[in-house]
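One structure below.
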Amino acid sequence: MTLAVDATADPPSGRWAALGKICLGIIFAMTPWFSATAILPELRQHWEFSAFLAAMMTNGVQVGFVIGALGSSFTGLPDIVPIRGLMAVAAIAAGVLNLCLLIAPGPETAVLLRVLTGIALALVYPPAMKLVTTWFIRGRGIALGLVIGGLTLGSAFPHLIHASTSSVDWRLVVSATSILSIIAGLIFILAVSEGPYANPMVKFKPSQLGLIVGDKGIALANLGYFGHMWELYAMWGWFLVFMRAALESNGLAPVSQASLITFIVIASGAFGCVAGGWLADRVGRTATTVLMMAVSGLCAVLIGFVYDGPLWLLIAVSMIWGISVIGDSAQFSAMVTEIADSRLIGTALAFQMGIGFALTVVSIQLLPIFVEWIGGWEWAFLFLVPGPLIGVIAMLALRRMPVAQRIAQGLR
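Heads up, the sequence shown is in our numbering, so the first residue is 5 and it goes up one at a time.
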C-alpha cells in the first residue's frame, strides 16, 4: 500500500533550511568519490600500475556502492534504523577510509580502500534521498534535484582541488576530501532532522523487496534510471582523460587545464539538477527525463565532431552535456518515491541505485576497451549513446501507464 498524505496541506516550516543542511552534508560527503580519479596520473607515477587498476581506482567506488546499496536494500536497512545516525556513521567512515589512501602500500590496497569507501557512501546517498521526502511532497522534484546537485558538486570538487594545487603533493587532495566527509558526518548527526512526513520504522520482510521488483511502474522508472546511469558515471569518470587527450593531441590549450575544464563541466551539472527539478514540478517528470536524455545522448555524439576544436566549442558542447547528463537524475528517484509504498521508500531507492551503479561498473570498465578498439578518444563516447536511448523509450512507456498519474501530482 501507499500511505495517503495530504499534499494540499501547508508545507512544513523549516523545510528549506533542512534541505540546505542536507545538501551541504551531501556536498562534503561525496568529495571522496572521485578523489583518486582526480589524481590518477600522479598515482600511476607513484605506484606504476596497469590500465586495469587505473580503471578500478574509479570503479572500486562503484563496486563498493553496489555492494552497499544492494546489501542495504536486501536487508531493508534504510527503513529499519535511524536514518541520521546511519548517514553520519557512513560519512565519517568514508572519510577515514579515503584518508587511508595516504598509507596504502600499493595500488591493490588502494583499490580495496576505494571499494570500502563506496560501501560507506551507499549508506549516505540513498538514505539522504529518503530523508528529503520526509520534508517535501510538493516541490519534491526541485528538492531532490538540489540534493543531486550537491552530489554533483561534491563529485567535481576533487578536480577543483587538483587544478588549484597542481604544483602541490597529490596527498592534499586526499586529505581535503577526507576531512570534508568527516565534517559531513557531524552535520548529519548534529544539524539534520527528519521531517513531518517520516514513516515509522518497519520490520523488513524479504517479500517486501518482491513488491518493489514486481511493480511495472517502478520497473519502468528503474529502466529509465539504468539507461541514465550507463552514460553518467562513465562520462564523469573518463572525461578528464578524454579532455587531456583532446588538449594534448590538438594543442588546443595546456594539458594542465584539463582538470579545471573537467571541474567546470561536471559542476555545471548542479545547474542541470536544479533546472531539471524546477521543470519536472511544472511539466512532469517523464517529459523532463525524456528531454534531458535526448540532449545528453546527442551531446555524446556531437562531442566527437568538436574533438579537434575550436576550444570554445568543445567546452560549450561539454558543458551542455554536463548539464543534461545529470539534470534528470533526481527525477527517477522522485518517481520511485511517488509510486512505491511510502513505508518502503528507502529500500526501493537503495535497490534502484544498487542496480544502476552496477551498470556503471560495466560501462566504466568497457569504455577504455572500446577506445583501444577504435584507436583513440575522439569517438569514445558513442559507446554511451544506447543508455539514454533506452531511457527515453522507458519513460515514454511509463508516461502512458495509469500509474503515471501518481507522478508529480498528476503531471506525470
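Think of the CB as a built atom: it goes at the ideal place given N, C-alpha and C, for glycine as much as any other residue.
Measuring CA to CA, which of W139, R144, G122 is closest to S185? Answer by Cα proximity: G122.
Per-residue burial, K134 [other beta carbons within 10 Å of its own, 16 or more giving buried]: It counts as buried.
On the CB-based measure, 16 or more other CB atoms within 10 Å of its CB, does A55 come out buried or exposed? It counts as exposed.
Below 6 Å CB to CB, which residues in the same chain sit around I411 once its five sequence neighbours on both sides are set aside? Around I411: R289, M339, E342.
Taking the straight line between their C-alpha atoms, what separation do you get for A22 and V136? For A22 and V136, the gap between their C-alpha atoms comes out near 8 Å.
Identify, in the order they occur along the chain, each residue of the same chain with its Cβ nearer than 6 Å to the Cβ of L74, setting aside the five sequence neighbours on each side. Closer than 6 Å at Cβ, skipping near neighbours: G358.
Going by CA-CA distance only, name the one from G228, L57, I378 that's closest to L295. Ranking the options by Cα distance to L295, first place goes to G228.
Ordered along the chain, which non-local residues of its own chain (more than five positions away) have a Cβ less than 8 Å from that of V177? These residues qualify, in order along the chain: S39, A42, I43, P162, I165, H166, T169.
Closer than 8 Å: S182 CB and nearest the ligand FAD heavy atom: Questions concerning the ligand FAD fall outside what the structure shown contains, since it holds no ligand whatsoever.
Bounding residues of the alpha helix (DSSP H) (the contiguous stretch that carries F374): Unbroken alpha helix (DSSP H) run through F374: 349-378.
Could you tell me which residues DSSP puts in a beta bridge with I141? For I141, DSSP records a beta bridge to G143.
Cβ shell of L244 (< 8 Å), same chain only, five flanking positions each side left out: Cβ within range, chain order: T41, A42, L44, H163, A262, S263, T266.
Hey, G145 and G281 are a contact pair by Cβ (cut 8 Å); roughly how many whole angstroms apart? Going by Cβ atoms, the distance from G145 to G281 rounds to 4 Å, so yes, they are a contact pair.
Once you ignore the five residues that flank V93 on each side, which residues in its own chain have a CB closer than 8 Å to its CB? Only L127, G189 meet the Cβ criterion.
Closer than 8 Å is the cut-off here; do at least three beta carbon pairs connect the segment 391-403 with the segment 295-309? Cβ pair count under 8 Å is three or more, so yes.
For a quick check, are the C-beta atoms of G89 and L125 less than 9 Å apart? No; because the gap between Cβ atoms is not below 9 Å, this pair is not in contact.
Just tell me which of A95, L370, S337, S17 has its CA closest to the CA of F230. The candidate whose alpha carbon is nearest that of F230 is S337.
Since I believe L105 is in contact with A114 (beta carbons under 8 Å), could you give me their beta-carbon distance rounded to a whole number of angstroms? About 6 Å separates the two Cβ atoms, so the contact holds.
Backbone secondary structure at Y129 - three-state DSSP: When DSSP states are grouped into helix, strand and coil, Y129 belongs to the helix group.
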